[in-house]
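Before any comments, here is the structure.
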Amino acid sequence: MKQKKITHFTLKLLTVLILMLISFVVLRHNASWYQDTIGEVTSSKQVSSKVLQDQYGNKVTQHHQKVTVKILNTKDKDKTVSFINSYDDAQAITQPLRQHDQIFLARSEKAWGLKNFKRDSFWIPILILVMGFLIISMGKAGGFMVASLAINIMLFIGAIYLNMVTKEANIFWIFILFSILASTLTLIFVMGIKNRLTWTVLLTVATSTTAAMLIGLLVFKVTNGKGLHFELMSFITQLPQPMFLSMTLVGVLGAVMDEATDMIATLFSLERDHPEIGIKDLLVTGRHVGQEIFGALSNTLFLIFIAEQIPMAILYLRNGNNWGFTYTMNLSLGMVQTLISAIGIVLTVPAGIFWVWILHKWQQKKLEAKV
Numbered sequence: 013m014k015q016k017k018i019t020h021f022t023l024k025l026l027t028v029l030i031l032m033l034i035s036f037v038v039l040r041h042n043a044s045w046y047q048d049t050i051g052e053v054t055s056s057k058q059v060s061s062k063v064l065q066d067q068y069g070n071k072v073t074q075h076h077q078k079v080t081v082k083i084l085n086t087k088d089k090d091k092t093v094s095f096i097n098s099y100d101d102a103q104a105i106t107q108p109l110r111q112h113d114q115i116f117l118a119r120s121e122k123a124w125g126l127k128n129f130k131r132d133s134f135w136i137p138i139l140i141l142v143m144g145f146l147i148i149s150m151g152k153a154g155g156f157m158v159a160s161l162a163i164n165i166m167l168f169i170g171a172i173y174l175n176m177v178t179k180e181a182n183i184f185w186i187f188i189l190f191s192i193l194a195s196t197l198t199l200i201f202v203m204g205i206k207n208r209l210t211w212t213v214l215l216t217v218a219t220s221t222t223a224a225m226l227i228g229l230l231v232f233k234v235t236n237g238k239g240l241h242f243e244l245m246s247f248i249t250q251l252p253q254p255m256f257l258s259m260t261l262v263g264v265l266g267a268v269m270d271e272a273t274d275m276i277a278t279l280f281s282l283e284r285d286h287p288e289i290g291i292k293d294l295l296v297t298g299r300h301v302g303q304e305i306f307g308a309l310s311n312t313l314f315l316i317f318i319a320e321q322i323p324m325a326i327l328y329l330r331n332g333n334n335w336g337f338t339y340t341m342n343l344s345l346g347m348v349q350t351l352i353s354a355i356g357i358v359l360t361v362p363a364g365i366f367w368v369w370i371l372h373k374w375q376q377k378k379l380e381a382k383v
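Here the sequence shown is numbered in this note's numbering, starting from 13 and rising by one per residue.
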């Protein structure tokens, strides 16, 4: 029996590796699928390097390399072009090109140049590997988890598309609909539609997320948004405040769902293992579990936010800006999002306890009615 399990595991792992190899080969030869010009680097040679220094004493070495590229698609297929690629040691925006790299090309009036890297032949095999291990290790539950992830991605793309095609659409309302569908379908796929745990978590998530967002909106209204510079958000092509609220909503939803699932799953497990447990003991346990979770989760959210902002904050500070200006330009909106998420995390504890109590009483009445 043990040997059979090992063989079955090996077969599944081999299937994943074969799928990775097939996807890599296909995606290395799929240039014809794209309308943009794609080329493969056939050679690259370093031609010069120099050290640059700005007025604040920041130094960086800039390199220039001559690159030869063979075009793989469009009317210029099989044509060979050359251009100079410039990059620096920081590689924050520009990167060096190496032989066999596949790239998107841009053409000006006189010359070709690098537009972007073609990375699908690397990240899709890695995605297959991650999803494969998830399904192998978790079985049916892993399959449902992957399916829910795929559905959430399609819902997200649908929300963005709906915002693009709907004139004068308020993206915040679109993402409210997205959040309802995403959270409901995720919990149903992972826990099951007939599971009382699913609906308890869903009610808890809806309650705490709504309360956190309403508190945030109330504070914005009372303070008239003072100190919040929505115009500093990057790459905004529509009203920045609804966009900010949409980003905050998705962040709160993720944090709240994580905590609610852990806390309520623990309570249901306790109730299943100890049917004689009273509602008072159940609620006290829920409070203790929630208190242990939300401290660590709040700090995790803060650290994720700080990690995301480190590069830009250092860039501002290294270019002569003080901490106050750096905070205003880079950190203030993210800090507000973190605070609203933290409020949602704190509210999840009483909201979860409330719905566990309500559904516990409802379950007891059902059992009494049957008797």
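Just so it is clear, CB atoms sit at the ideal spot from N, CA and C, and this is done for glycine as well. Remember, predicted model here, so these are calculated numbers, not experimental data.
Checking the DSSP bridge columns, you'll see F95 partnered with V79. The continuous beta strand (DSSP E) containing L64 extends over residues 50-65. Pairing N331 with P323, the inter-Cα distance amounts to about 12 Å. Only residues of its own chain outside the window of five on either side were considered, and among them K71 have a CB closer than 6 Å to the CB of Q65, listed in chain order. Annotation for T80: T54, S55, S94 place their beta carbon closer than 6 Å to its own, counting only its chain and skipping 5 residues before and after. When Cβ pairs closer than 8 Å are counted between the two stretches, the region 228-244 is seen not to touch the region 188-198, the count staying below three. Between V264 and S195, the C-beta gap is not smaller than 8 Å, which leaves the two residues out of contact. In this structure the region 132-148 lies against the region 22-35, because at least three pairs of beta carbons, one per stretch, are closer than 8 Å. Classified as buried, A363 has 16 or more neighbouring CB atoms from the shown chains inside 10 Å of its CB.
Rounded to whole angstroms, the gap between the alpha carbons of T178 and V217 is 28 Å.
With contacts defined by Cβ atoms closer than 8 Å, L109 and G51 do not form a contacting pair. Rounded to the nearest whole angstrom, the CA to CA distance from W335 to L343 is 10 Å. Sixteen is the threshold: since fewer than 16 other Cβ atoms of the shown chains lie within 10 Å of the Cβ of D48, the residue is exposed. I276 sits buried, since 16 or more C-beta atoms from the chains shown fall within 10 Å of its C-beta.
Counting C-beta pairs with one atom in each stretch, the region 128-140 and the region 35-42 have three or more that are closer than 8 Å, which means they touch.
T312 counts as exposed, since fewer than 16 other C-beta atoms from the protein chains shown sit within 10 angstroms of its C-beta. Looking only at I148, A162, K127, A223, the smallest Cα-Cα distance to L23 is reached by I148.
Ranking I83, Y46, K152, M255 by CA distance to the CA of I172 puts M255 first.
Segment contact: the region 304-311 against the region 286-293, fewer than three CB-CB distances shorter than 8 Å; contact not assigned. Out of V348, T350, N333, the CA that lies nearest to the CA of Q67 is found in N333. Taking the C-beta atoms as reference points, T350 is found no nearer than 8 Å to S220. Proximity to R208 across F36, V28, W369, L25 peaks at W369, based on C-alpha coordinates. In the displayed model, G125 falls within a strand according to three-state DSSP. When rounded, the separation of the alpha-carbon atoms in F314 and Y99 is 33 Å. Put simply, of K89, I205, N164, W367 the residue whose alpha carbon is nearest the alpha carbon of G298 is W367.
DSSP places R110 outside any alpha helix (DSSP H), giving it a letter other than H or E. Cβ-Cβ separation between L197 and I165: approximately 12 Å, too far for a contact (criterion under 8 Å). In this structure E304 is exposed. Its beta-carbon is surrounded by fewer than 16 other beta-carbon atoms within 10 angstroms.
Residue environment: I138 is assigned as exposed (fewer than 16 neighbouring CB atoms within 10 Å of its CB, all protein chains considered). Checking the DSSP bridge columns, you'll see K71 partnered with Q65.
Here the C-alpha atom of S120 lies approximately 28 Å from the C-alpha atom of V63. If only complete runs of 4 or more residues are kept, the region 170-233 shows the alpha helix (DSSP H) at 183-203, in order along the chain.
Shown here, A118 sits in a strand according to DSSP, grouped into three states.
The residue from G125, T338, M259, V348 with its alpha-carbon nearest to that of K78 is G125. In the displayed model, D293 falls within a helix according to three-state DSSP. Annotation for A272: the continuous alpha helix (DSSP H) segment containing it runs 252-285.
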